[in-house]
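Start counting the sequence shown at 154; every next residue gets the next number (my numbering). Backbone N, C-alpha and C fix where the C-beta goes; we use that ideal spot for every residue, glycine too. Notes follow once the structure below has been shown.
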Amino acid sequence: MSKHEYIAVSERDGLGFIELNRPKVLNAINRPMVSEIVEAFEEFDRNDNVKVIILSGKGRAFAAGADIDEMSEDGAIDLELLNQFTEWDRLAWIKKPVIGAVQGFALGGGFELALCCDMLFAAEDASFGFPEVNLGVMPGAGGTQRLTKLIGKSRAMEWLLSGDRFTALQALEWGVINRAIAPELLMEETEKFAKKLASKPPLSIRLIKESVHKAVDYSLYEGMQYERKNFYLLFASEDQKEGMKAFVEKRKPHFKGK
Ligand code: DAK
């Protein structure tokens, strides 16, 4: 029996799959689900067979936000003492690439979860929004910060203040998602791209991901220093020797992730 109640987890061809699994409530994210998601990510991060992680939702939503029923009676002190954002913050420490495959609604906390992914592939009929303003609250799991860093102040303001839902095409135009795909091809296309990443030298992938994330947080100068150290570090890997030797010998490299 699966140890997960709110997600489904599987592994295939070097890919780790995490599927939000509360379709009756459009995958509304309750607290135990957050714990399950974070633990599943961390397990895949430790699993040498998994090179890339794909996050998706079952049914007609990626996730329609945090579970409103669960939090409607909470007080500020309850939330402070629960301190659940600390758990959520651990998503930022996942080292392997994470691709979100979004279909249907990605709203509120569901959109925030999507924004924790490194790349987003979405079905053409997906919709994204921050409806928190309509509930008398605001995003609290990174929405105002991650969206603004991604698309800039003016566009983020429009999205966050209006609470409107935006289409996948709009999200594509504004650079929130990488691809808008016909719904029936979403998983196939996402897996195809994930497999391409899975075939690359894992240490390069790991340090490129880390360096790109630093570009978001650091000044250009600090980011460049960080990038340089990671560049040097890769010259200590067997895969660098193999990759360059294979090029010189005009053959395919065999990467080991060492
Ligand atoms: N919470 C609980 N139940 C939800 C839900 C939600 N966010 N979204 C949908 N459901 C449930 C509905 O109540 C309904 O349940 P039944 O009535 O069948 O029992 C079922 O899912 C199907 O939904 P609808 O009947 O409403 O379906 P429609 O197609 O008519 O509408 C909709 C789809 C997505 C437009 C609508 O369901 C909707 O507006 N949903 C709420 C969207 C929303 O406001 N989301 C933002 C919530 S605030 C945190 C991290 C993050 C957050 C907080 C804390 N920590 C780490 C601590 C974030 C906060 C939020 O996300």
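- Around the ligand DAK, what residues have a beta-carbon under 6 Å from a heavy atom of it, in chain order? Val-178, Leu-179, Ala-181, Val-187, Ala-217, Gly-218, Ala-219, Asp-220, Ile-221, Asp-222, Gln-237, Phe-238, Trp-241, Phe-258, Leu-260, Gly-261, Gly-262, Glu-265, Pro-284, Glu-285, Leu-288, Gly-293 and Ala-294
- Near Leu-387, which residues of its chain fall below 8 Å by C-beta distance, leaving aside the five closest residues on each side in sequence? Leu-356, Ser-357, Leu-360 and Gln-393
- DSSP beta-bridge partners for Arg-332? In the DSSP output, where bridge partners are listed per residue, Arg-332 has Phe-274.
- Query: Can you round the beta-carbon distance between Thr-301 and Ala-309 to whole angstroms, since I take them to be within the 8 Å contact cut?
  - Reply: 4 Å
- Flag this pair as yes or no: are the beta carbons of Leu-173 and Ala-217 separated by less than 8 Å? Contact: no.
- Task: Please state if the CB of Ile-171 and the CB of Ile-190 are separated by a distance shorter than 8 Å.
- Result: Inclusion of Ile-190 and Ile-171 in the CB contact set at 8 Å is warranted, their separation being smaller than that value.
- Message: I need the DSSP call for Leu-268, collapsed to helix, strand or coil.
- Response: helix
- Message: Whole angstroms are fine: how far does the CA of Glu-158 sit from the CA of Phe-238?
- Response: 21 Å
- What's the gap between the Cα of Lys-409 and the Cα of Arg-175? 37 Å
- Query: Taking just the CA atoms, how far does Leu-373 sit from Gly-296?
  - Reply: So the two alpha carbons sit approximately 23 Å from each other.
- Does the separation of the CB atoms of Ala-347 and Ile-247 fall below 8 Å? no
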